[in-house]
Amino acid sequence: MIYKIKWILVCLVLFACLLNIGVARAATDTASDQQDTAVFLENPDLPAVPVATETGDISYRAKVLKILESGTVTIDGRVQEYQKLELEILNGDEKGKRVVIDHGKDFVIGVFQKVREGETVILSKPSHTQGQKDVYYITDRYRTPNLLLITAIFFALAIYFGRKRGLTSVIGMIFSIVVIFYYIIPHIIKGADPLWTCVIGAVVILLLSLYLSHGFNKRTSIALVSSMLCLALAVVIDLLFVYMAKVAGNGTEEAFYLQFDTFNINLQGLLLGSIIIGVLGVLDDVTTGQAAAVEEISTANNSLTFQQLYKSGISVGREHIASLINTLFLAYVGASFPLLLLYSTQKTQSLWVTLNSNFIAEEIVRTLVGSTVLVIAVPLTTLLAAWYYSRRLQKS
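Position in the sequence shown counted from 1, then plus 1, gives you the numbering used here.
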């Protein structure tokens, strides 16, 4: 009991410290950002929507009251539908105001950007139009209520089927989100090294999520020690693979825009740090699963020696490795699937040139770093667990 209380206090103190630092940083950043140039990243389907004003755009929730007119218009040789809409603003200083806009008449909209009567959308206008007529335009659909509903369904299912473990896992996930948004992101924006900021955040996430999700016991402690060692190895492998592949971290569109922003972020460090964060979730699964497997084997047969325990545990681990490598690969491919399709349609570029591109190289490195760490995590966790449980059996 004392052991558990100590770990709870340590985790809470660490979390409180980081939360206070993160909140302070976030407050400072918010104050300074009000003086910075706002950057509006447009949807590729809306190239003519106003972008990038000196003081930013003002956004509201608005309800589509009526579709006053619809038809087709030709823009840059492309025939598309447009809508003339009447909307009512639902929040802010213009709440209750009704406006009429031409949606898609002066700029290209995609098929999925057409709206229906009764739908709630995000309505924006430039904030620098003092003395001029306000120009309103739809920037997106309002999805927040549905996203909250989806989240609630997930939480309910996790808690219903997982019971206590499901509840603690959800709490652990919430703590992880808080660490990311109140410690890691504010520090990186402030100019801290992205790699080491992510490593520190990863250590805190491991401490909080492992014990909350799997309980305060020896099995979890073995998984934690193994995860920490694997995290250290991941940093080394991360640095080595990124150096060997000569990737700079600017292979994605998001990174491309970040390098022109005012935050002065080290993009290669950001790539390194994001790989570390990406490895965490699967690393948790591998280390706890292997520690649990060895514990169950030792409980079923308490006469097994260290070598026998390790051999039995690694046999289970090999199956784990085979499935997780494929899982990690498919997860990364799924996240980048649209861009992979775009690359595949480029008939003017050779396949080897495409595979050599910065973006593809980054995804390959990301996948292989994670997979390499997982492969190492299985024998390492099995070794630690077999050593501990064989010693415990010898003492008993």
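Ideal Cβ positions, reconstructed from N, Cα and C, are used throughout, including at glycine. Remember, it's a predicted structure, so these values are computed and weren't measured experimentally.
Check	Outcome
Taking the beta carbon of Lys126 as the centre, do at least 16 other beta carbons fall within 10 Å, making it buried, or is it exposed?	buried
Counting only beta-carbon atoms, is Ile160 nearer than 9 Å to chain C?	As a matter of chain content, chain C is missing from the structure shown, which is built from one protein chain.
Residues in its own chain within less than 7 Å of Lys96 by CB, not counting five upstream and five downstream?	Ile90
Taking the alpha helix (DSSP H) that Gly290 falls in, what are its first and last residues?	268-301
Straight-line CA distance for Ser337 to Asn357?	16 Å
Apart from the five residues just before and just after Val80, which ones in its own chain have a Cβ nearer than 6 Å to its Cβ?	Thr73
Kindly give me the distance between the Cβ atoms of Leu272 and Val236, rounded to whole angstroms, as I take these residues to be in contact under 8 Å.	Their Cβ separation, rounded to whole angstroms, is 13 Å, which puts Leu272 and Val236 out of contact at 8 Å.
My output table needs one value for Asp107: the three-state DSSP class, helix, strand or coil.	coil
What three-state label does DSSP hand Lys126 in the structure shown?	strand
In three-state terms, what does DSSP make of Ile167?	This sequence places Gly at residue 167; Ile is not what is there. Gly167: helix per DSSP, three-state reduction.
DSSP three-state label for Gln84, please.	strand
Count the C-beta pairs between the stretch 288-307 and the stretch 376-390 that are closer than 8 Å, then say yes if the count reaches three, no if not.	yes
I'd like to know if the stretch 272-291 and the stretch 181-197 are in contact, where contact means that at least 3 CB-CB pairs between them fall below 8 Å.	yes
Assuming the contact rule is C-beta atoms closer than 8 Å, Leu88 and Leu124 should be a hit. Round their C-beta distance to whole Å, please.	6 Å
Report the partner residues of Arg415 according to the DSSP bridge assignment.	Beyond the ends of the chain as shown, which are 2 and 397, falls residue 415; an answer cannot be given.
Take the Cβ of Tyr161 as the centre, count every other Cβ of all protein chains shown within 10 Å, and call the residue buried at 16 or more, exposed below.	exposed
For Ala386, which residues from the same chain have a beta carbon less than 7 Å from its beta carbon, with the 5 sequence-adjacent residues on both sides left out?	Ile223, Gln291, Ala292, Val295, Glu296, Gly314
I need the straight-line Cα distance from Gln308 to Val283, nearest angstrom please.	26 Å
Starting from the C-beta of Thr368, find all residues in its chain whose C-beta is less than 6 Å away, skip the five residues before and the five after it, and write them out in chain order.	Phe330, Tyr333
Three Cβ pairs or more, each shorter than 8 Å: is that satisfied between the stretch 367-382 and the stretch 310-324?	yes
How big is the Cα-Cα spacing for Ser170 and Phe176?	10 Å
Report yes if the C-beta distance between Val200 and Leu232 is below 9 Å; otherwise report no.	yes
Alpha carbon to alpha carbon, what distance is there between Leu207 and Met229?	8 Å
Can you give me the start and stop residues for the alpha helix (DSSP H) that Ser334 sits inside?	It is worth fixing the name first, because residue 334 is Val in this sequence and not Ser. Counting along the chain, the alpha helix (DSSP H) containing Val334 begins and ends at 307-336.
So, Val65 versus Gly119, is the Cβ gap smaller than 9 Å?	yes
Is Ile110 closer than 9 Å to Leu86 when the C-beta atoms are compared?	no
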